[in-house]
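Colleague: Take 0 as the starting number for the sequence shown in numbering that gives the first Met the number 0 and just add one per residue.
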Amino acid sequence: MRDNTILVVIDPTAGAHQPALERAAWLAKQAGARLELFACDYDPAVDSGPAATVWTPQPSAREQFLSRLRRSLEDLAAPLRTQGLKVTVDAVWDHPFEHAIVKKAAAHDYWLVAKDTHHNNLLQRTLLSNVDWHLIRDCPAPLLLVKDRKLGAEPNVLAAVDPVNEHDKPAALDDRIFGFAHDLARVLRGHLHVVHSYATPMGAELPPDVVKIIAQEHRLALSRFLDTHAVLGGRSHLYEGLAHECLQKAAKEHAADFVVMGAVARRGLKRLFIGSTAERVLDRLPCDLVVIKPLEFEVPDNVD
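1) What span of residues does the alpha helix (DSSP H) with residue 275 cover, start to end?
2) How about the segment 210-222 and the segment 148-165: do they share at least three Cβ pairs that are nearer than 8 Å?
3) Could you check what DSSP says for residue 153 in three-state terms: helix, strand or coil?
4) My understanding is that residue 261 touches residue 212, with C-beta atoms under 8 Å, so please give their C-beta distance in whole angstroms.
5) Given this structure, state the Cα-to-Cα distance separating residue 116 from residue 84, to the nearest angstrom.
6) Have a look at 23, 111, 135 and 192 and flag the residue whose alpha-carbon is nearest the alpha-carbon of residue 236.
7) If we ignore side chains and look at the alpha-carbon of each, how far apart do residue 270 and residue 136 end up?
8) Tell whether a beta-carbon distance below 8 Å holds between residue 23 and residue 5.
9) Does the separation of the CB atoms of residue 214 and residue 244 fall below 8 Å?
10) If we define contact as Cβ-Cβ less than 8 Å, is residue 3 a contact residue for chain D?
11) When burial is assigned at 16 or more other CB atoms within 10 Å of the CB, is residue 195 buried or exposed?
12) Should residue 316 be labelled buried (16 or more other beta-carbon atoms within 10 Å of its own) or exposed?
13) When you compare the segment 141-150 with the segment 31-45, are there three or more beta-carbon pairs, one atom per stretch, that lie closer than 8 Å?
14) Based on Cα-Cα distance, which residue from 246, 252 and 101 lies nearest to residue 278?
15) At which residues does the alpha helix (DSSP H) containing residue 192 begin and terminate?
16) Is the beta carbon of residue 72 sitting closer than 8 Å to the one on residue 44?
17) With distance defined between alpha-carbon atoms, name the residue in 145, 286 and 68 nearest to residue 21.
18) Consult DSSP for residue 236 and reduce its assignment to one of helix, strand or coil.
19) What three-state label does DSSP hand residue 35 in the structure shown?
20) From the DSSP output, in three-state form, read off residue 261 for me.
21) Helix, strand or coil: which one does DSSP assign to residue 92?
22) May I ask which residues mark the beginning and end of the beta strand (DSSP E) holding residue 212?
23) Buried or exposed: residue 53, going by 16 or more other Cβ atoms within 10 Å of its Cβ?
24) Output the boundary residues of the alpha helix (DSSP H) element that contains residue 131.
25) Residue 258 and residue 157 - do their beta-carbons sit closer together than 8 Å?
26) State the Cα-Cα distance for the pair residue 105 and residue 111, rounded to the nearest angstrom.
27) From 177, 275 and 241, pick the residue whose C-alpha is nearest to that of residue 227; which is it?
28) Between residue 216 and residue 190, which are expected to be in contact by the criterion C-beta below 8 Å, what is the C-beta distance as a whole number of angstroms?
29) Can you give the beta carbon distance from residue 108 to residue 2, rounded, assuming they're within the 8 Å contact cut?
30) Using only the alpha-carbon positions, how far apart do residue 17 and residue 230 sit?
31) To the nearest angstrom, how far is the alpha carbon of residue 95 from that of residue 256?
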């Protein structure tokens, strides 16, 4: 599990109610992991004027601001340390917020980056203005987006794979998704499910024989995947339909606590309007979401 450290993104405005911290602390206890509490803030009253100018504020003013932020992180860390957890803290002065998180994640080899997630309206999704959307695309470490909910006594972990390797997804990404989900289910003493969905081509009514051939192709692909990725108890599921709709259905039918899936970032204008499956399901899943990147993923150049 990488270096077995969970980076927890703290919302400085949320006070003591930090769902991501609660989830990460519980995971750390189960996995013997360490925690690093991370907060980023920026006050234009201290840094007046555009950030791109050569002017910088008085160091004492900025340091006082960061000192208060570190104290708030230490207040959150203190009770966790009394429980035996190893906890460090870090506060930075930076913006935009999502770039600071990505830079922090890229500089270390975290097991997880954990952050709260909240429902976002259609306008926020369309404009891609929410921090979560940027992290889904740009965070290099496994990203845990936490819903404010309780977990089952024996958590169900769903690994969403695509063994036919459609949608330009690197084949090795399925191995990473399965491996992470398997490890997560094991350390939580939960249950692992493997889910694959497929959609028949739209725009034309296909002959029944063709529909059967497509279904058989996906059934065989999933079977071959499971030959080398063992799932105890026969917990594998094949769905027909759009990926984001099938994942919602699977999560509800199997009482998922975590859905682990991949995300491949695409750039350009088209990418702004066609959200990835991870983006489409984020607000709709009833459970936590873990987003895994391909091994060859590189942080975009615009994050500096």
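C-beta atoms are modelled at their ideal positions from N, C-alpha and C, and glycine is treated no differently.
Modeller: Considering the structure as presented:
1) Per DSSP, residue 275 belongs to no alpha helix (DSSP H) and is neither H nor E.
2) Yes: at least three Cβ pairs fall under 8 Å.
3) Coil.
4) A Cβ-Cβ distance of about 26 Å is found for the pair residue 261 and residue 212, leaving them out of contact under the 8 Å criterion.
5) Computed Cα separation, rounded: 24 Å.
6) Nearest C-alpha to residue 236: 192.
7) In this predicted model, residue 270 has a pLDDT of only 45, less than 50, meaning its place in the structure is not dependable; the value taken from the coordinates is given anyway. Using only the alpha carbons, I get a separation of about 11 Å.
8) In this structure, residue 5 lies closer than 8 Å to residue 23 by Cβ.
9) Not in contact: residue 214 and residue 244 (Cβ atoms no closer than 8 Å).
10) Going by chain labels, chain D is absent from the structure shown, which holds only one protein chain.
11) Residue 195 should be labelled buried.
12) The question about residue 316 has no answer here: the residues shown for the chain are numbered 0 through 303.
13) The count of Cβ pairs closer than 8 Å, one atom from the segment 141-150 and one from the segment 31-45, stays below three, leaving the stretches out of contact.
14) Closest in alpha carbon position to residue 278, among 246, 252 and 101, is 246.
15) Judged by DSSP secondary structure, residue 192 falls outside any alpha helix (DSSP H) and instead within the beta strand (DSSP E) spanning 190-197.
16) For residue 72 and residue 44, no; Cβs fall outside 8 Å.
17) The residue from 145, 286 and 68 with its alpha-carbon nearest to that of residue 21 is 145.
18) Looking at residue 236 - three-state DSSP - the assignment turns out to be strand.
19) DSSP places residue 35 in strand when its eight states are reduced to three.
20) Assigned with DSSP and collapsed to three states, residue 261 falls in strand.
21) The answer is strand: DSSP assigns residue 92 an E or B state.
22) Counting along the chain, residue 212 sits inside no beta strand (DSSP E); it lies in the alpha helix (DSSP H) bounded by residues 207-227.
23) Residue placement at residue 53 is flagged as unreliable, the pLDDT there being 43, under the threshold of 50; a coordinate-derived value is accordingly withheld.
24) Note, residue 131: alpha helix (DSSP H), 130-137.
25) Their beta carbons are under 8 Å apart, which means residue 157 touches residue 258 by this criterion.
26) Approximately 12 Å between the Cα atoms of the pair.
27) Checked all of 177, 275 and 241; the closest Cα to residue 227 is 177.
28) At roughly 28 Å, the Cβ-Cβ gap does not stay under 8 Å, so residue 216 and residue 190 are not in contact.
29) Yes, residue 108 and residue 2 are in contact; Cβ-Cβ is about 5 Å, under 8 Å.
30) If I take the Cα positions, the gap works out to 33 Å.
31) So the two alpha carbons sit approximately 30 Å from each other.
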